[in-house]
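Only one structure is covered here, and it is reproduced in the block below.
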Amino acid sequence: MSDLMRRLDETASWLRARIDAVPKVAIVLGSGLGALADAVSGRIEIPYAEIPGFPHATVPGHAGTLLFGTLEGVPIVTMKGRFHHYEGHDMETIVYPIRVFMCMGIGNLLLTNAAGGVNLSFAPGDLMALTDHIGLWADSPLRGLNEDMLGPRFPDMSKVYDPLLIQLADSVANRIGFALQHGVYAWCRGPAFETPAEIRALRMLGADAVGMSTVPEATAARHMGMRILAISCITNMAAGILDQPLTHEEVMATGKMVEQRFSALIAGIAGQWGKL
Ligand code: HPA
């Protein structure tokens, strides 16, 4: 067994010993989107710092705990706080929790994030299902020796985000009373927001939204054959679209503004996903 598999196995066994049911869906909560956690019942909350092998979070708005429980009767685990490249973590560290989930037997991954709107028809507060992503300039979390026990050397990326799950998300949003946007998410390094010229370039490349997360996790999850859905909260229009500077406070404030709708959507999706 490789060193990575041994470490993953140790973390997964440690966590499994602390819960009754293996979660059906793992949910990663983006910046300012932590309120969903309040809707979780039967809670077992474990700070990252207590979990053997787990990295530690550093960004304000990212609490850094793993929360097990149920949402609409479906056993789930949520990551309150994720790991970003701009914090200095390498890609293997960023995707470690996702690999742990798979090693625990959790095959379904719901990623959420805060993102800037690149598509001019979007508005702050919109929620967008990712149909695809652009991560050409992101280091791959799969770089280095392939871990054959996790997945193939050259994984297919033609349908990272499951079309059936996007349909499911659409129908939950419609039931709540709003329409989900659909679009392509472009990964950027951060932590500086993009320049207006970079946003114009990304728009020409086909991006609808831009953010600093999700692509590494989705890549590692796809490598392992997980079923993936990802939802962006458009917290601001991307640089240069409006004549105003971008701030982390705006990102957090919009997250707060849409938290009820966002939480209802994620809970509804988990409830439906549990029945698949
Ligand atoms: N750019 C990159 N990441 C982001 C943005 C943005 O405009 N908004 C929220 N996360």
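Residue numbering for the sequence shown follows the numbering used here, beginning at 26 and increasing consecutively. Beta carbons are placed, not taken as given, at the ideal position from N, Cα and C, and that holds for glycine.
Asked: Distance between beta carbons of Asp157 and Val209, contact taken as under 8 Å; Found: 5 Å
Asked: Those runs of the alpha helix (DSSP H) which lie wholly inside the region 209–236 and span at least 4 residues; Found: 221–229
Asked: Between the CA atoms of Val283 and Glu172 - distance to the nearest angstrom; Found: 39 Å
Asked: Option nearest Leu230 by Cα separation, candidates Gly130, Ile69, Val143, Lys49; Found: Val143
Asked: Contact under 8 Å by Cβ, Ala139 with Gly299; Found: no
Asked: Neighbourhood of Val276 by C-beta, 7 Å cutoff - its chain only, sequence neighbours within 5 removed; Found: Ser56, Gly57, Ala139, Thr260, Asn261
Asked: Supposed close pair Val49, Ile101 - CB separation, criterion 8 Å; Found: The amino acid occupying residue 49 in the given sequence is Lys; Val does not appear at that position. At roughly 7 Å, the Cβ-Cβ gap stays under 8 Å, so Lys49 and Ile101 are in contact.
Asked: 3 or more residues per run - each beta strand (DSSP E) lying fully within the region 121–155; Found: 133–142
Asked: Nearest to Gly130 (by Cα), restricted to the options Leu33, Glu75, Asp187, Gly98; Found: Leu33
Asked: Beta-carbon separation (whole angstroms), Ala211 vs Ala154, contact threshold 8 Å; Found: Not a contact, Cβ separation roughly 15 Å.
Asked: DSSP three-state assignment for Arg107, whether helix, strand or coil; Found: coil
Asked: Phe218 beta carbon near the ligand HPA (any heavy atom closer than 7 Å); Found: yes
Asked: Ile44 beta carbon less than 8 Å from that of Phe79; Found: no
Asked: Pairwise C-alpha distance: Gly265 and Pro221; Found: 4 Å
Asked: CB of Gly14 within 8 Å of CB of Met251, strictly; Found: Since the first residue shown for the chain is 26 and the last is 301, residue 14 is missing from the structure and cannot be characterised.
Asked: CB contact flag (Gly59, Tyr73, <8 Å); Found: no
Asked: Where His176 falls, given that 16 or more other Cβ within 10 Å makes a residue buried; Found: For the sequence presented, residue 176 should be read as Gly rather than His. With 16 or more Cβ atoms within 10 Å of its Cβ, Gly176 is classed as buried.
Asked: When Arg228, Arg225, Ser257 are compared against Val240, the one with the closest alpha-carbon; Found: Ser257
Asked: Backbone CA spacing between Met249 and Arg228 [nearest angstrom]; Found: 30 Å
Asked: Alpha helix (DSSP H) runs contained entirely in the region 241–296, provided each spans 4 or more residues; Found: 273–282
Asked: Test item: CB-CB of Leu40 and Val65 under 8 Å; Found: no
Asked: Met116 to Asp164 span [Cα, whole Å]; Found: 7 Å
Asked: Local conformation of Leu29 per DSSP, three classes; Found: helix
Asked: Within 8 Å, strictly: CB atoms of Ala62 and Lys105; Found: yes
Asked: Proximity below 8 Å, CB of Ile291 to CB of Thr137; Found: yes
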